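In the working numbering, the protein residues as written are 5 to 477. Accompanying notes for the structure given below.
Next comes the structure, spelled out in structure tokens:
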């Protein structure tokens, strides 16, 4: 009920939607003249209400009242579901959407839904590429102000958040919270496929790509795909030749920090792997595994055919299949036969696409541990196979075998069409394209096709105007 007719008329405008009062600057309409007057302060900059504690100014008295709750700690609005309390009713309304699942704001580009409009606005910057907030020190740009504030701590070296357990310092509270899970053992994120647990959402997302096969990060040079951007960055050093990690003792350069750490053990003499039997120390786990064979050698089994020694009887039985030709393990998909069950299991990963063994340096995945061991030599620089003729070193025995054909002149791979001989099967495959007419490599600029990747690279210099050979005269 209203005591005055004028008040009743103003009230009815809420129901009719009638707005008689217009702002002359932005043309926004209002139901009351008083509302227009308050709105005008936005354009004039007038803020007549002042906080006596921090001297912050406000356009309306209501705004000041809400602000004062920060100083008093008053939170009069309570969620009936989880009992969380809020300073404003609008904050409570936004919070309630978490319980109701309501997300009324939708991105028109990717259709992602958001609880409030501000979240949608920030998200839209990903599509537009807008980065409104700029660092005054290094000029790096950010989509939101909070990201800039966290970034600024890098320049000030401010790390205000400290772990009470190990005293490690962090730039922001969220990083500290994630770190604390190491101490508590809390792993919040669980993979529904393999049930592996993760402390962070980002770690879980990266892990899921193993199951989905998703590799969203692509090398522009060789088109190799990666599950993480960091892995791509490390990979790019192969193309750029960048080796940012230098040994301070011998000045040898490395592409990865982990490879440098392994190398440093040569200088420091550090041997973190210990034999439980004789206490002998080793620089890496592989050397320790090889050493353990010495202790087990007294329990040996000898092959009657070739006199080879085995630690266990089971090892001897498997070995004897080489002489008998027995292959008891058969693949149901391609009918390939295997001597060992372990070899059969590794083979099955080819069909399933499963790669269990991960390189800790570049995160490349492998079907079996032996492949990973050979791969690790690329990072450590280890080349244990030496050519007896010219002394050249190789990462694996197969590389040495191919190389020795240069000295022996052996060319075991023959073209069935023209009878040309090749040292490697890969060379024969490339050669066969001459006869088949297959051109597997295409120029993205002019779409010209080539039989070899090398020919494509040479061709690309036409487009890049690259001239590698310079006359010094």
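C-beta: ideal position from N, C-alpha, C; glycine also. All of these numbers come straight from a predicted model, not from anything done at the bench.
Through-space distance from residue j to residue i, alpha-carbon basis
i: residue 255; j: residue 265; result: 13 Å
i: residue 42; j: residue 137; result: 30 Å
i: residue 180; j: residue 30; result: 46 Å
i: residue 455; j: residue 239; result: 26 Å
i: residue 471; j: residue 450; result: Only weak support exists for where residue 471 lies, its pLDDT of 49 falling under 50; the value from the coordinates is given anyway. Between residue 471 and residue 450, the C-alpha separation is close to 19 Å.
i: residue 281; j: residue 222; result: 48 Å
i: residue 92; j: residue 207; result: 35 Å
i: residue 174; j: residue 161; result: 10 Å
i: residue 466; j: residue 459; result: 12 Å
i: residue 16; j: residue 129; result: 41 Å
i: residue 47; j: residue 26; result: 14 Å
i: residue 248; j: residue 122; result: 41 Å
i: residue 20; j: residue 39; result: 17 Å
i: residue 492; j: residue 114; result: Lying before the first or after the last residue shown, residue 492 is absent from the chain, which here runs from 5 to 477.
i: residue 356; j: residue 350; result: 10 Å
i: residue 77; j: residue 100; result: 21 Å
i: residue 425; j: residue 279; result: 50 Å
i: residue 321; j: residue 352; result: 23 Å
i: residue 374; j: residue 391; result: 22 Å
i: residue 478; j: residue 70; result: Residue 478 falls outside the range modelled here, since the chain spans only 5 to 477, and no answer is possible.
i: residue 193; j: residue 135; result: 31 Å
i: residue 23; j: residue 66; result: 22 Å
i: residue 184; j: residue 204; result: 11 Å
i: residue 307; j: residue 330; result: 16 Å
Proximity to residue i [Cα-Cα], best of the options
i: residue 389; options: 402, 327, 40, 353; result: 402
i: residue 214; options: 360, 158, 405; result: 360
i: residue 440; options: 459, 75, 420; result: 420
i: residue 169; options: 244, 187, 229; result: 187
i: residue 103; options: 88, 111, 113, 112; result: 88
i: residue 253; options: 394, 271, 247; result: 271
i: residue 153; options: 167, 343, 251, 177; result: 177
i: residue 59; options: 333, 75, 415; result: 75
i: residue 220; options: 226, 212, 233; result: 233
i: residue 242; options: 251, 225, 231, 230; result: 225
i: residue 418; options: 338, 435, 146, 228; result: 435
i: residue 156; options: 292, 146, 442, 139; result: 139
i: residue 197; options: 229, 189, 212, 273; result: 212
Three-way DSSP call (helix, strand, coil) for residue i in this model
i: residue 60; result: coil
i: residue 362; result: strand
i: residue 181; result: helix
i: residue 29; result: coil
i: residue 84; result: coil
i: residue 353; result: helix
i: residue 296; result: helix
i: residue 89; result: strand
i: residue 306; result: strand
i: residue 79; result: coil
i: residue 23; result: coil
i: residue 278; result: strand
i: residue 97; result: helix
i: residue 461; result: helix
i: residue 228; result: coil
i: residue 166; result: strand
i: residue 377; result: helix
i: residue 433; result: helix
i: residue 54; result: strand
i: residue 74; result: helix
i: residue 222; result: strand
i: residue 470; result: Because residue 470 carries a pLDDT of 49, less than 50, the predicted location of this residue cannot be relied on, and the following value inherits that uncertainty. In the structure shown, residue 470 sits in coil (DSSP, three-state: anything other than H, G, I, E or B).
Per DSSP, cross-strand counterpart(s) of residue i
i: residue 201; result: 194
i: residue 417; result: 426
i: residue 250; result: 257
i: residue 117; result: 110
i: residue 453; result: 446
i: residue 369; result: 362
i: residue 313; result: 306
i: residue 348; result: Bridge partners of residue 348: none, in fact.
i: residue 341; result: 334
i: residue 174; result: 165
i: residue 389; result: 398
i: residue 145; result: 138
Limits of the alpha helix (DSSP H) - the one that residue i falls within
i: residue 160; result: 149-160
i: residue 234; result: 233-244
i: residue 399; result: Element bounds for residue 399: n/a, residue is neither H nor E.
i: residue 45; result: 37-48
i: residue 136; result: No alpha helix (DSSP H) holds residue 136; DSSP gives it neither H nor E.
i: residue 325; result: 317-328
Neighbour flag for residue i against chain C, beta carbons, 8 Å
i: residue 220; result: Protein chain content of the structure displayed is limited to a single chain, and chain C is not contained in it.
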